[in-house]
Amino acid sequence: MIPMENLNILATVEDKMPSKFKLVTFGCQMNKYDSEKMNGVLVSRGMVPVESTEDADLILVNTCSIREKAENKVFSFIGRLADLKQNNKNLLIGLGGCMATFNKEDIFRKAPNLDIVFGPDSIQKIPDLISQRLASGRKQIDVGLSDEITWDSPEQFVRENGVTGWVGIMKGCDNHCTYCVVPGTRGREISRPIESVVNEVKDLANRGFKEVYLIGQNVNSYGKGLSPEVTFPDLLRSVEKVEGISRIRFMSSHPKDLTEELIDVMKASRKICPSLHLPLQSGSDEVLERMNRGYKVSEYLSKLDKIREAIEGISISSDLMFGFPGETDEDYQATCDVMEKVRFDSLFLFNYSSRSGTPASEHQGHISRKVSQERFNNALILHKSIIAEKNREMEGRKVVVLCEDTYNGNMKLHSPDGKGFMYGRTRENTMVLFKGERHLIGQEIEINIYGVAGYNLLGNLV
Ligand code: SAM
Ligand code: SF4
């Protein structure tokens, strides 16, 4: 029998459990996906999401620690919550994601107003951490990483939208690029069994989703350790069979693990979109070697040639990093040369950020912020000019987009009233804005392209 005094504590904890939560997400697609899980865990415990932090009695911040700048943004956001905590003594603040596993207990020193801290593998434990915080009065932390996939109930997730669904196919990373914290913050690479992935895709199809985005740090090494051993192309073939899903996308592909089999499956597929995210990082072999990327620029380019030959019109996006330790002007120029040669359709540019505990942080020849930023800025100008040219080539053409939602960005520059725009993506992943109504959401529609708005295209319904 539970002693009376313990029953009283339980009753008080239950009374004090938060009822309204606000979830704030920083970082990559993996984090957005984790936030959908967090949302589901809280909603299944009867809590209600609210729009503003002022209305919440639980604020959870899902974080990224890839770069110091990303971390600083989170610390300043949490710092600004101090006033809310002052005014509402019952407010609880939690932090999850990579910053939790990167900083561990030290996070409470850096952000004293946190109540609970949990890693990417402890999302299911959030309600317990809250109860323990309330029962004991002590701050709670669980940043352990598991050797198993800890999520398998997609029906619990609260999805961001109803058209494109993220589906995690693996977790962690075994690659050890010398600059990167991910292997430390997310642990060993573990693949999710095919049936589990397919069940999640079926669940999305049943709920009316049209597109799935298969995500992992290196989808090309999917299947390692599963029994029987399977490959990423095997998984794609299984996902292709799910009825109701018309578009399949995936990221990230590591260039060293991209196989001819993957190219063949993409070519043969009706559903896999002709769009590939293939992070290059640098156009210099010396820098790639020091990054421990496992490929040379010539190998990257020859794989790209094969892909472009096999799948006409495929769009290629990439990640590029500037200011890696020891990067010379010649190395930088080599990266720009690759940009001009490849003419990427989309790029994520990063200034190198030194992260403690990574091998690169010990490398010689750290580059000043000023030089790194100059290189970044010039590369951005080059990329924008390439995109402007590519986008101009699209004017007057007809494209098919999958309409995703109403567009909430700033359209005043492009439309006198700034209202009424919807957005969708082509199969090549270009965003197109057009005037339309909400009933178009989830439909594939034809659009005539008449103009350009930054990286996006502007069009009219045919
Ligand atoms: N696993 C993916 C891959 O290798 O393609 C990328 C994951 S990471 C979240 C996304 C990008 O962040 C990387 O491709 C890299 O360009 C950038 N990145 C990672 N660590 C970084 C660091 N210390 N400084 C700057 N950029 C970094
Ligand atoms: Fe980081 Fe490299 Fe793994 Fe990508 S592949 S997550 S950059 S270690």
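Under the numbering used here, the residues of the sequence shown are numbered 365 to 826, in order. We put the beta carbon where it would ideally sit given N, CA and C, even for glycine.
Among 437, 552 and 411, which has the Cα closest to the Cα of residue 423? As a first step, residue 423 must be located in the sequence shown, where it is residue number 59. Nearest C-alpha to residue 423: 411.
Three CB pairs or more closer than 8 Å across the segment 618–627 and the segment 572–592: yes
What's the gap between the Cα of residue 827 and the Cα of residue 378? Coverage of the chain is limited to positions 365 through 826, which leaves residue 827 absent and any answer about it impossible.
Go ahead and label residue 671 buried or exposed: buried means 16 or more other beta carbons lie within 10 angstroms of its beta carbon, across all protein chains shown. In the sequence shown, residue 671 corresponds to position 307, counting from 1. The residue in question, residue 671, is buried, as its Cβ has 16 or more Cβ neighbours within 10 Å.
Taking 9 Å as the threshold (beta carbon to beta carbon), is residue 403 in contact with chain B? Here there is only one protein chain, and chain B is not present.
Per-residue DSSP class, three states only, for residue 826: Position 462 of the sequence shown holds residue 826. Residue state, collapsed to three classes: coil.
Can you tell me whether residue 411 is helix, strand or coil according to DSSP? Within the sequence shown, residue 411 is the residue found at index 47, counting from 1. It is coil, neither helix nor strand.
May I have the straight-line CA-CA distance separating residue 795 from residue 421, to the nearest angstrom? On the sequence shown, position 431 is the one that residue 795 refers to. On the sequence shown, position 57 is the one that residue 421 refers to. Cα to Cα, the separation comes out at about 37 Å.
Assess contact between the segment 675–688 and the segment 636–652, defined as three or more Cβ pairs (one per stretch) separated by less than 8 Å. Is contact present? yes
In terms of DSSP beta bridges, what is residue 790 paired with? If you number the sequence shown from 1, residue 790 lands on position 426. Looking at the DSSP assignment, residue 790 forms a beta bridge with 765.
Exposed or buried, what is residue 747 when buried is set at 16 or more other beta-carbons lying within 10 Å of its beta-carbon? As a working mapping, residue 747 is identified with position 383 in the sequence shown. Buried, since its Cβ has 16 or more Cβ neighbours within 10 Å.
Below 8 Å on the Cβ atoms is my guess for residue 449 versus residue 457; work out the distance and round it to an integer in Å. The residue you call residue 449 lines up with position 85 of the sequence shown. The residue you call residue 457 lines up with position 93 of the sequence shown. That belief holds up - the Cβ atoms of residue 449 and residue 457 are roughly 7 Å apart, short of 8 Å.
Residue ranges of each beta strand (DSSP E) run of no fewer than 3 residues wholly in the segment 681–740, ordered along the chain? 710–715
Hey, would you say the C-beta of residue 714 is under 8 Å away from at least one heavy atom of the ligand SAM? Residue 714 sits at position 350 when you count from the first residue of the sequence shown. Flag set: Cβ of residue 714 near the ligand SAM.
Nearest to residue 741 by alpha carbon, out of 712, 768 and 627? Counting from 1 along the sequence shown, the entry for residue 741 is found at position 377. For residue 741, the nearest C-alpha among the options comes from 712.
By DSSP, does residue 398 sit in helix, in strand, or in coil? Taking the first residue of the sequence shown as 1, we reach residue 398 at position 34. Helix, per DSSP.
Which stretch, first to last residue, makes up the beta strand (DSSP E) that contains residue 459? Position 95 of the sequence shown, counted from the first residue, corresponds to residue 459. Taken as a continuous stretch (DSSP letters only), the beta strand (DSSP E) holding residue 459 covers 456–461.
Residue from 419, 579 and 385 whose Cα sits closest to the Cα of residue 406: Residue 406 sits at position 42 when you count from the first residue of the sequence shown. Answer by Cα proximity: 385.
Rounded straight-line distance, which links the Cα of residue 792 to that of residue 679: Against the sequence shown, residue 679 aligns to sequence position 315. Against the sequence shown, residue 792 aligns to sequence position 428. Between residue 679 and residue 792, the C-alpha separation is close to 5 Å.
What is the residue span of the beta strand (DSSP E) that residue 639 lies within? Residue mapping note: residue 639 aligns to position 275 of the sequence shown, counting from 1. First-last of the beta strand (DSSP E) with residue 639: 639–641.
Is residue 469 closer than 9 Å to residue 494 when the C-beta atoms are compared? One-based indexing of the sequence shown puts residue 494 at position 130. One-based indexing of the sequence shown puts residue 469 at position 105. Going by C-beta atoms, residue 494 is not nearer than 9 Å to residue 469.
Write down the C-beta distance between residue 380 and residue 454 rounded to the nearest angstrom, noting that I regard them as a contact closer than 8 Å. Within the sequence shown, residue 380 is the residue found at index 16, counting from 1. Within the sequence shown, residue 454 is the residue found at index 90, counting from 1. Residue 380 to residue 454, Cβ: 7 Å. Contact.
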